[in-house]
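Written out below as structure tokens is the structure these notes cover.
There are 4 protein chains.
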Amino acid sequence: MLYFENDYSEGAHGKVLEALVKTNYEKLSGYGSDEYCERAKEKIKAACECEDADVYLLVGGTQTNQVVIDTTLKPYEGVVAATTGHISTHEAGAIEYTGHKVLTVPEHNGKMDADELKDFLETFFNDGNHEHMVFPGMVYISHPTEYGTLYTKNELANISQVCKQFEIPLFLDGARLGYGVMAKDTDVDLPTVAKYCDIFYIGGTKVGALCGEAVVFTNNNMPKHFTTMVKQHGSLLAKGRLLGVQFDALFTDNLYCEIAKNAIDMAELLKKGLANKGYRFYLDSPTNQQFIILENSQMEKISKDVRFSFWEKYDDSHTVIRFATSWATTKEDVEALINLL
Amino acid sequence: MLYFENDYSEGAHGKVLEALVKTNYEKLSGYGSDEYCERAKEKIKAACECEDADVYLLVGGTQTNQVVIDTTLKPYEGVVAATTGHISTHEAGAIEYTGHKVLTVPEHNGKMDADELKDFLETFFNDGNHEHMVFPGMVYISHPTEYGTLYTKNELANISQVCKQFEIPLFLDGARLGYGVMAKDTDVDLPTVAKYCDIFYIGGTKVGALCGEAVVFTNNNMPKHFTTMVKQHGSLLAKGRLLGVQFDALFTDNLYCEIAKNAIDMAELLKKGLANKGYRFYLDSPTNQQFIILENSQMEKISKDVRFSFWEKYDDSHTVIRFATSWATTKEDVEALINLL
Amino acid sequence: MLYFENDYSEGAHGKVLEALVKTNYEKLSGYGSDEYCERAKEKIKAACECEDADVYLLVGGTQTNQVVIDTTLKPYEGVVAATTGHISTHEAGAIEYTGHKVLTVPEHNGKMDADELKDFLETFFNDGNHEHMVFPGMVYISHPTEYGTLYTKNELANISQVCKQFEIPLFLDGARLGYGVMAKDTDVDLPTVAKYCDIFYIGGTKVGALCGEAVVFTNNNMPKHFTTMVKQHGSLLAKGRLLGVQFDALFTDNLYCEIAKNAIDMAELLKKGLANKGYRFYLDSPTNQQFIILENSQMEKISKDVRFSFWEKYDDSHTVIRFATSWATTKEDVEALINLL
Amino acid sequence: MLYFENDYSEGAHGKVLEALVKTNYEKLSGYGSDEYCERAKEKIKAACECEDADVYLLVGGTQTNQVVIDTTLKPYEGVVAATTGHISTHEAGAIEYTGHKVLTVPEHNGKMDADELKDFLETFFNDGNHEHMVFPGMVYISHPTEYGTLYTKNELANISQVCKQFEIPLFLDGARLGYGVMAKDTDVDLPTVAKYCDIFYIGGTKVGALCGEAVVFTNNNMPKHFTTMVKQHGSLLAKGRLLGVQFDALFTDNLYCEIAKNAIDMAELLKKGLANKGYRFYLDSPTNQQFIILENSQMEKISKDVRFSFWEKYDDSHTVIRFATSWATTKEDVEALINLL
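As you go down the protein sequences, you meet chains A, B, C and D in turn. Residue numbers for the first sequence follow my numbering, so the first one is 30 and each next one is one higher. Residue numbers for the second sequence follow my numbering, so the first one is 30 and each next one is one higher. Residue numbers for the third sequence follow my numbering, so the first one is 30 and each next one is one higher. Residue numbers for the fourth sequence follow my numbering, so the first one is 30 and each next one is one higher.
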């Protein structure tokens, strides 16, 4: 069986695991106050070229979206996302659970358009009844998006500009950020993300860690008493070291980006193979998630030999499926998949 | 100045007020346990021809939507509404505040389509990832809708049928229900509403009361310990008599429907006058809310003499506005408005 | 049957009702933006000698506690109350429903002690683990308390002083405030309350109105976008006039205090009568709630002729019960009660 | 520096870590659906002699308390705990954040008394006003308690009996359960816990794992759609294997209990040493947490060489401090501590 179902099928990258083993018996203080957490934070700030940042380590993606959005929004505010944003669709209502509405704008290959965002915000503030409506209090984008696509630097700058105009913070979900910054031809690197976003996170779970997401508040804008609120959300890890040691390893010698590059290389190889065999792409993704349209009977057939993700019904006889590569995908795996198809 | 801004500009209908005055010094027990509340409930059950109903009196519309939806849904469920549903747009996120997502289906002149609803529910339950999504746990419709339109008996039956198929309760927001059941040519009366809905409410605030909405749980399906949850939501009135006395009066000698009829008659008169003068309707509404498209400068001009509601921008030079009649609108008011236009 | 069960058995005071009748057909704008609301607010500010106040009218007591506390606290904060505070015991968890803990300090005849409050706050802030605990973010007192007792000016000043020291707002629940300020020998009048509290409310429901509580934010400290949050809590009344007209009447010619005085006079008469007959008081209450300890069989016996409130078990053979007078209690009622006992 | 601050200073037990390393590159499905999770669950059911159990693996203690309590309680219910219960004091309001009150009964060396619990519940249900109060919907105990003390089998049976009588589930917080069942002279083992509790959890974080708590629903009473609600709370781990592999290792060859025994042995050694030197115990704890009363200047002095937990002020010149042993504590550490004191 081949596994292209997702990018979290394996444990941790070897060097991350090694760091956990090596530090295992050190006696460290709890709740993220240990020296590895400190070191990880400093390295992340350096990698983002963002000395004013507050960095905070959390366990998982939905948790991070929930905690960051709930603690940043005012009670009467909601968060604006694309209709396909992860928080809009696949987080079981984790944002609404905290009392906040997810307001939506149209998506274009998973991305939000700065002009449409501006129009949405203007319409809201010009509406004489807006005191009876949910105030837009944050803009949420994901990069790469849920469809593997990427914003350009210019697009990010435009969205950021709209946010600044309306004094609304911009939050970037970087659950797969490594795969974004290592894509070919992208002009968005970590410092660019840090420059244009008020808050973002660097995903570890999908990029080499057992678990962990590093939230970066880019201008000392971490909410006051954040640790208390993290605990209140049930999200404070007693052994914060588990996150600190992993991110310390991931941000040593550029490991995070290097291992992300493997996923991109493997995705490029897969794309080429798929194109050669005449497969039809649902959209053009420059990152580790590749979406193709398969005739249903063919989908049935290959499901015996390879695991992939069902994405959505395309029409009555076709389905969109996703193949995901990761830091752990090997050339052999990809070649086997191409041969199979 | 003429007032066609909404249907809650005046206090209470004369007979309702009279009942409050007449009963004012009677010593009654609190929290809705008095005899007037009991009597009102019995009369409402009779008017709805629904002997199995539990009736509960609450103060306002958003409150009623919030309390009913939150206490009926399971924690992992959301409520399905049309994109233009009141709970989707103009309740300041009151549903999300209680932790539940408002899931949306397309609207057609403010109405939900049974087939599209069915498709939405099928897609959800067929999605292999639906355990990561918000479960649809209730269907919300408004009748009349936010655009004054009405479901036919057949349409209600179809939506009800879909709900039954998926074992999801159907909830009807009847903030203006009186104006719905008294519309010309409708085949939906109170017993029809009670037959097809699991829960609905009969709006008092907009139909002759100072405040108050009567929730009808049509098959003894009021949630257990409902009073405690009403109190927990801050919605329990100490002097429940205020609601009981008013609904007792409104459901004596068919008063509720009779006074609603006045709003319909006045709206018909207004429609005819507007049509004669060549005004363009945004849609055809059979109830007390009439929407017309005005050129912006004309809108400006008439705003000196008449109050109306801004509804939405139509295009760069036109706006949709709403005129509302009510139980209190007089023929003189309507004629003055027509003359003015 | 005699009624001493509570102070909300009747409808509204005659003058309040008259004002509702008189203004009934005036066409007024919605949601509290009408002129009667404005006028009521100005009169309340004048009565409190507090020109910097923001005044907001809400419907009921639990609702007011819930909305004010939730919108004032930060997410990681709770509210400090006496163990017998209404929010601690008899509001069905309405505060916790909004996500906030009610932290408790001991009660003394229903009152909080300034020194014990100070000790509680010092202990919290000195505790090295307090980042893992709920921050005290507001102090709640009721005046009169749930036991009818009153703070002195000096006691209020001391509690206020502790709050200022810890930069925590002081909120006073004045559901029965009228009965408090009109008690004999009290040195706390409305301006005193306004001077020492950051927020308080003037209860209408129990003092002559059909419903309604007037919240006073004493130093322009009403939370931003308060109306939106009131709506989000399901607490915004469409016909805000219902509250405005009533409070306008209650604060015309000192009506609110005058009618409250009747309850005090009747309570004094009752106290004297009870004392003469040798009844045992549970505590000394200077306001309209009187608590006596009855032998259980005697309690049974009188319950056939008079309605009172069961308060709490005293011991195996005795019970604490409450008699409440109100603006509507007559001398005849009290005399009949005394004769009965 | 000696470390007796807590029982989560080190990483994972060697065999747990080894299992993580060994399985690291296996491709496993996500969200706890992998074979290691399955295997761990089966082993836990066997260790608890509870074949009807549903077992679910979560990340941390506060998270587990929050998710279990919120998903088990009905909306109008609160949870009953001792005043010193972890959820009452040191979880930053995580229970109230989900809308539920923590109701309290007195503590006796950290424990709840069955008779006092019964009295509390009887008083509630006999109170004529209880519809205005928070319903007790679950009983929470911790074992070992926050003071290291243990319930006897008989005490557990009595509390369980009271819960059954009132049809309220009993939930046991076993964050340190290993140290409880391995204490000398206890008659409470895992099957006993499973027999008397409706829900409990077996703490991994403090007993040999990097993170993880195994919740046991003892009679197939896991709430429906529990995974969706776990995700909604932000608590679903993508790489569920992290928990599965660890608990699989901990429940292989009785590892969990064996390593817990070390903490007990070391605590016994420490107790003897402390007693020999005449130290004063705050209470008698049979588990890995030992509380002593120190004169403040002495506390200052030893704090240079040993880390411990400040517990609470005893009087003006004395403080209660806690020494904790763990699975990782060595005899050398304990001897060094005794020598130091």
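Beta carbons are placed, not taken as given, at the ideal position from N, Cα and C, and that holds for glycine. Just so it is clear, the structure is predicted and the values come from calculations on it, not from any experiment.
Contact under 8 Å by Cβ, residue i with residue j
i: B/T316; j: B/G177; result: yes
i: C/Y65; j: C/V244; result: no
i: B/G114; j: B/S189; result: no
i: B/C240; j: C/K268; result: yes
i: A/F255; j: C/H254; result: no
i: B/G232; j: B/L206; result: yes
Pairwise C-alpha distance: residue j and residue i
i: A/A143; j: A/G166; result: 16 Å
i: D/K235; j: D/I228; result: 19 Å
i: B/T100; j: C/H137; result: 37 Å
i: D/E297; j: D/A212; result: 10 Å
i: C/T354; j: C/I116; result: 23 Å
i: D/S346; j: D/E324; result: 6 Å
i: A/I124; j: A/Y105; result: 13 Å
i: C/V97; j: C/H159; result: 25 Å
i: B/V109; j: B/Y230; result: 17 Å
i: D/G145; j: B/Y180; result: Checking the sequence shown, residue 145 of chain D turns out to be Glu, not Gly. Distance between the alpha carbons of D/E145 and B/Y180 is about 57 Å.
i: D/L303; j: D/I367; result: 7 Å
i: C/D148; j: C/C286; result: 36 Å
i: D/D218; j: D/K140; result: 18 Å
i: D/T112; j: C/T133; result: 11 Å
i: B/P68; j: C/D313; result: Pro is not the amino acid found at residue 68 of chain B; the sequence shown has Arg there. Taking the straight line joining both Cα atoms gives about 41 Å.
i: A/T221; j: A/E80; result: 14 Å
Burial state of residue i (16 or more Cβ within 10 Å)
i: B/L369; result: exposed
i: B/N94; result: buried
i: D/N291; result: buried
i: A/T152; result: exposed
i: C/G4; result: The question about residue 4 of chain C has no answer, for chain C in this structure spans 30 to 370.
i: C/N250; result: exposed
i: D/M30; result: exposed
i: D/E341; result: exposed
Residues near residue i in its chain [Cβ-Cβ closer than 6 Å; skip 5 each side]
i: A/F195; result: L150
i: D/T52; result: V274
Where residue i meets chain A, residues with beta-carbon distance less than 7 Å
i: C/K260; result: H161
Sequence-distant residues of its chain with Cβ nearer than 7 Å to residue i (five each side left out)
i: A/A357; result: E39
i: C/Y2; result: The structure shown has nothing for residue 2 of chain C, since chain C only spans 30 to 370.
i: B/K70; result: V84
i: C/D362; result: L31
i: B/P8; result: One cannot answer for residue 8 of chain B here, as it falls past the ends of chain B, which runs 30 to 370.
Partner residues on chain A for residue i, Cβ-Cβ distance less than 8 Å
i: B/Y105; result: A121, G122
i: C/T100; result: P104
Neighbour list for residue i in chain D, Cβ cutoff strictly below 7 Å
i: B/H129; result: Within chain D, no residue comes near B/H129; the closest Cβ sits about 10 Å away, beyond 7 Å.
i: B/H25; result: This structure gives no information on residue 25 of chain B, because the portion of chain B shown stretches from 30 to 370.
Under 8 Å from the C-beta of residue i: neighbouring residues of chain B
i: D/H172; result: In chain order: nothing, as chain B lies at least about 28 Å away.
Neighbour list for residue i in chain A, Cβ cutoff strictly below 9 Å
i: C/T93; result: Per Cβ cutoff of 9 Å: no residues; C/T93 is ~17 Å from chain A at best.
i: B/T112; result: Ordered by position in chain A, no residue passes the 9 Å Cβ test against B/T112, which lies about 10 Å from the chain.
Within chain C, partners of residue i - CB distance below 7 Å
i: B/L299; result: In chain order: nothing, as chain C lies at least about 17 Å away.
8 Å Cβ shell around residue i - same chain, five flanking residues per side excluded
i: C/D214; result: P315
i: D/Y37; result: T234, K235, S355
i: A/F200; result: V97, I98, T101, V108, M167, V168, Y169, I170, C226, D227, I228, F229
| According to a CB-to-CB cut-off of less than 9 Å, which residues of the segment 140-167 of chain D neighbour chain F? | The chain inventory of the structure shown lacks chain F, comprising the protein chains A, B, C and D.
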